[in-house]
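As structure tokens, the structure follows; a few thoughts come after it.
Numbering (the numbering used here), first residue to last: 67 to 988.
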């Protein structure tokens with residue numbers, strides 16, 4: 067219920083969110099019927115005022131250990147408190163006398179050691195932190211002091227930790243009522259060791275849990291007058307037999323099948339077993355192993371637990387022989403025979419038939435006939451009818467389910483007999499580990515029975531909560547006669563009313579051979595068409611919906627009739643009752659003739675309803691205590707809190723329903739001191755006087771104008787929404803007071819700030835003017851210095867420039883003069899060289915010309931002289947003849963020329979030496 071009239075701008079509220087379920091925020095604006103809210107993640111949303119819940123800003127940061135202490139007892143406050151505590155590993159929280167346990171999905175060994183058991187022993191509820199030991203201790207102390215039986219109801223969905231919580235309860239009760247230094251097997255040891263045995267044969271992996279209990283269990287632990295355990299009994303409810311034959315991926319069958327496949331080699335060879343993948347009842351799913359679980363180790367642990375609970379070695383061998391027989395039975399396949407009959411499909415099926423018969427110690431041919439044929443007895447004759455392959459497979463699966471169900475019942479009965487019950491015990495503590503509310507995409511007969519159980523328990527739970535509320539009201543001596551109790555009896559009547567309930571109509575349909583699931587569904591539609599809790603889905607032919615306390619669940623009635631029939635095929639009964647194995651024959655004792663002839667119909671639904679009523683009778687005769695187990699996430703991981711998932715479980719577990727029941731009365735209880743500490747500001751005048759707390763509380767409530775409240779002996783009782791209204795009034799008063807305080811404070815601060823600023827400004831101006839004068843003087847001084855520096859600098863620069871120019875000019879002149887001198891020197895040198903070269907060249911030319919001329923002249927002379935000489939010689943020869951007488955002798959003189967290769971010979975005549983003749987000789 068929203069508190070629309072108490073929502074104002076600035077209020078802290080909770081609003082719905084699709085991902086987080088609820089998210090906190092602050093109201094920005096309020097309109098006629100809506101409010102604009104800024105959420106904690108920065109979004110702006112607009113919500114109807116009726117869907118907004120106030121948030122307690124004064125709540126402790128770590129949450130409260132008892133949610134009845136919450137100022138606002140509504141859905142988001144409960145969810146946020148649980149989430150806050152879960153973050154700091156506080157997995158237990160009270161809701162009155164109810165314990166809410168959130169599965170941590172991690173080992174918290176420090177919470178369950180012997181030291182902690184000693185601390186909780188004898189402690190009052192609420193004295194220590196919430197714990198499962200506290201609930202067990204309260205139940206035990208109440209049983210001892212009052213001499214009345216108590217019960218502890220543990221519920222929750224699969225994976226919420228019900229099994230582990232039950233173990234902790236039984237361990238603590240065994241700690242309280244155990245026998246010190248006992249020899250042999252004690253009762254408490256047998257009770258504790260019965261858990262692994264029942265888990266092996268009654269637990270399996272499901273989609274939501276690796277160790278899900280597929281049956282309900284109520285353990286009665288009996289105590290003697292000294293408070294010690296003297297006996298125990300285990301009652302089981304609605305084992306899921308269909309799991310033996312039908313699996314969905316990734317689930318597993320019951321643990322015992324996988325444990326046997328992991329047994330020592332000699333046992334595997336003895337039973338002709340192998341890998342789980344080779345068996346039809348196990349290979350329908352791809353999951354064969356569990357992470358962190360060793361099936362071989364668990365097999366030995368289960369055998370050891372069987373020893374402790376009193377199951378002999380021979381009986382253990384017979385139990386696992388039956389388990390192996392079920393595995394071989396599932397591998398028997400059928401093929402179509404002559405006409406509509408069936409036959410074994412192949413040699414492998416014959417082998418498995420032979421092994422099944424050997425393990426069950428019955429005739430193989432009789433087993434085949436029992437699977438493939440049916441005998442119909444009429445007054446006139448006995449008719450034998452053959453089954454088709456599909457019918458034979460159904461018969462095989464029915465036999466497997468019946469054998470396993472009888473085996474499980476035998477185990478429970480054997481454990482009860484071995485533990486023993488104390489006939490002289492007057493008190494007991496019952497621990498109920500029951501399946502939680504279930505709603506699947508395909509919900510069948512099992513979910514129908516489970517949810518029927520939860521409806522019964524929820525009614526008991528609501529009555530207990532209302533009873534506790536009444537006790538509180540009576541102790542405080544307030545008028546509660548007009549507080550109405552909201553019941554779910556209409557849903558229970560819809561299911562179990564006789565005649566006319568769903569179970570009665572189902573039994574009626576099962577007794578008519580021609581009835582089908584469609585005719586059954588049509589009957590339901592006609593009978594309950596006007597029932598507010600029954601809904602016919604659109605376009606549905608076999609589905610129907612029931613509006614349970616935790617929400618609507620749609621059921622598929624396709625297999626309701628088959629699963630409701632509780633009978634054993636006579637052929638199967640006769641076959642196994644005649645087994646040579648006494649253990650197997652004991653599972654199927656021969657029925658008395660009266661029972662066999664009576665033909666009285668028995669159904670699972672009716673038998674379960676009777677068992678449930680017996681359970682409720684036991685619970686009604688005891689003082690109940692409740693533990694609601696919560697699974698925080700579907701990933702089975704620690705430190706992960708899924709708000710939507712947890713909220714759905716709070717609804718399914720009835721916690722929110724119990725809160726709704728409390729809200730029908732006075733959900734908020736506050737002691738006078740707590741009330742005055744919180745709301746005295748609404749009537750400041752009471753703080754000035756010396757008033758009694760009760761009178762002061764009444765004064766405040768009357769001044770505010772509340773009605774329908776109650777004032778008890780020590781507490782103020784407020785109706786739903788009145789705490790929010792008081793907080794809203796308090797917020798307004800605080801808001802107005804804050805405005806006045808803010809006004810005065812702001813005025814004082816403003817004047818103080820002005821005076822401080824004025825004084826500071828004067829100091830600043832003075833300092834600033836002095837600084838300006840100093841700066842001006844400094845500037846003037848700097849200016850004069852700058853002028854002097856500039857003058858000196860400019861002079862220096864001018865002189866440096868002149869010197870540099872002069873030096874440059876001298877250097878330039880020197881260079882130019884040197885260059886001119888070098889050029890002149892070079893010119894003179896070149897001229898001189900040219901003259902010398904010319905002189906040499908002219909000399910050479912002259913000499914060469916001279917030599918040529920000389921040579922040519924010599925040659926010309928030589929040729930001329932030779933010719934002349936020859937002519938002269940010729941003339942002389944001619945003349946010689948004439949002048950021989952004269953005896954003129956010629957003298958020849960050799961003259962060497964300058965050329966080494968030629969010689970010039972001068973021939974002188976004796977008469978004229980000046981005219982030599984020349985001859986060139988080689």
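Heads up, the beta-carbon is just placed ideally off N, CA and C, and yes, glycines get one too. Since we're looking at a predicted model, the values are computed, not measured.
Exposed unless 16 or more other CB atoms sit within 10 angstroms - verdict on residue i
i: residue 262; result: buried
i: residue 292; result: exposed
i: residue 829; result: exposed
i: residue 147; result: buried
i: residue 566; result: exposed
i: residue 342; result: buried
i: residue 74; result: exposed
i: residue 229; result: buried
i: residue 911; result: exposed
i: residue 489; result: exposed
i: residue 709; result: buried
i: residue 256; result: buried
i: residue 847; result: exposed
i: residue 603; result: exposed
i: residue 386; result: buried
i: residue 456; result: exposed
i: residue 817; result: exposed
Which residues DSSP lists as bridging residue i, in chain order
i: residue 869; result: Note: residue 869 sits in no beta bridge, so no partner.
i: residue 303; result: 282
i: residue 434; result: Bridge partners of residue 434: none, in fact.
i: residue 161; result: 164
i: residue 298; result: 287
i: residue 610; result: 621
i: residue 1045; result: Residue numbering for the chain in the displayed model covers 67 to 988; residue 1045 lies beyond these limits and cannot be assessed.
i: residue 120; result: 79
i: residue 111; result: 103
i: residue 541; result: In the DSSP output, where bridge partners are listed per residue, residue 541 has none listed.
Selection from the options that minimises the alpha carbon distance to residue i
i: residue 724; options: 489, 84, 166, 280; result: 166
i: residue 381; options: 595, 136, 895, 647; result: 647
i: residue 311; options: 650, 470, 582, 935; result: 470
i: residue 511; options: 296, 422, 215, 622; result: 622
i: residue 448; options: 439, 517, 918; result: 439
i: residue 272; options: 257, 226, 289, 941; result: 226
i: residue 36; options: 612, 361, 697, 390; result: Outside the modelled stretch of the chain, which goes from 67 to 988, sits residue 36, for which no answer is possible.
i: residue 405; options: 559, 452, 425; result: 452
i: residue 198; options: 92, 269, 335, 239; result: 239
i: residue 619; options: 576, 531, 542, 517; result: 517
i: residue 409; options: 401, 415, 416; result: 401
i: residue 437; options: 399, 473, 472, 412; result: 399
i: residue 629; options: 484, 307, 553; result: 307
Any chain B beta carbon closer than 9 angstroms to residue i
i: residue 807; result: Chain labels in this structure do not include chain B; a single protein chain is all it has.
Heavy atom of the ligand MG within 8 angstroms of residue i beta-carbon
i: residue 91; result: As presented, the structure is devoid of all ligands, the ligand MG included, so that no description of it is given.
*asked:* I want to know whether the region 773-789 touches the region 731-740 - three or more CB-CB distances under 8 angstroms.
replied: yes
_Quick test of the definition: if touching needs 3 or more C-beta pairs under 8 angstroms, does the region 205-221 touch the region 495-503?_
Judged by Cβ distances under 8 angstroms, the region 205-221 makes contact with the region 495-503, as three or more pairs qualify.
*Is there contact here, the region 353-361 with the region 406-424, by at least three beta-carbon pairs under 8 angstroms?*
no
*Answer yes if the region 450-465 comes into contact with the region 189-197, meaning at least three C-beta pairs across the two stretches below 8 angstroms, and no otherwise.*
no
*Touching or not, the region 748-765 and the region 791-800, by the rule of three or more beta carbon pairs under 8 angstroms?*
yes
_Uninterrupted alpha helix (DSSP H) stretches inside the region 757-788 (no shorter than 4 residues)_ = 759-770
_Segments assigned beta strand (DSSP E), at least 3 residues, entirely inside the region 143-228_ = Within the region 143-228, the beta strand (DSSP E) runs of at least 3 residues that lie entirely inside it are, in chain order, 158-161, 164-168, 216-221.
_Measuring CB atoms only, is the region 510-524 touching the region 672-684, in the sense that at least three cross pairs come out at less than 8 angstroms?_
yes
_Cβ pair count under 8 angstroms reaching 3, the region 121-129 against the region 146-163_ = yes
*For the region 307-342, list the alpha helix (DSSP H) runs that are entirely contained and at least 4 residues long, ordered along the chain.*
321-327, 331-337
*Going along the chain, which unbroken runs of the beta strand (DSSP E) with 3 or more residues stay wholly within the region 386-436?*
400-402, 408-410
*Enumerated in chain order, which unbroken segments of the beta strand (DSSP E) with a length of 3 residues or greater are wholly contained in the region 445-510?*
448-452, 493-499
*With a cut-off of 8 angstroms, do at least 3 Cβ pairs link the region 201-216 to the region 478-497?*
Enough Cβ pairs lie closer than 8 angstroms, so yes.
_Counting beta carbon pairs with one atom in the region 298-308 and one in the region 275-285, are three or more of them shorter than 8 angstroms?_
yes
*asked:* For the region 103-116 against the region 85-93, do three or more pairs of beta-carbon atoms, one drawn from each stretch, fall closer than 8 angstroms, so that the two count as touching?
replied: A contact exists between the region 103-116 and the region 85-93.
*Length at least 4, wholly inside the region 685-760: the alpha helix (DSSP H) runs in chain order*: List check, alpha helix (DSSP H) in window: 709-718, 721-730, 738-745, 751-754.
*At least 3 beta-carbon pairs within less than 8 angstroms: the region 588-599 vs the region 691-702*: no
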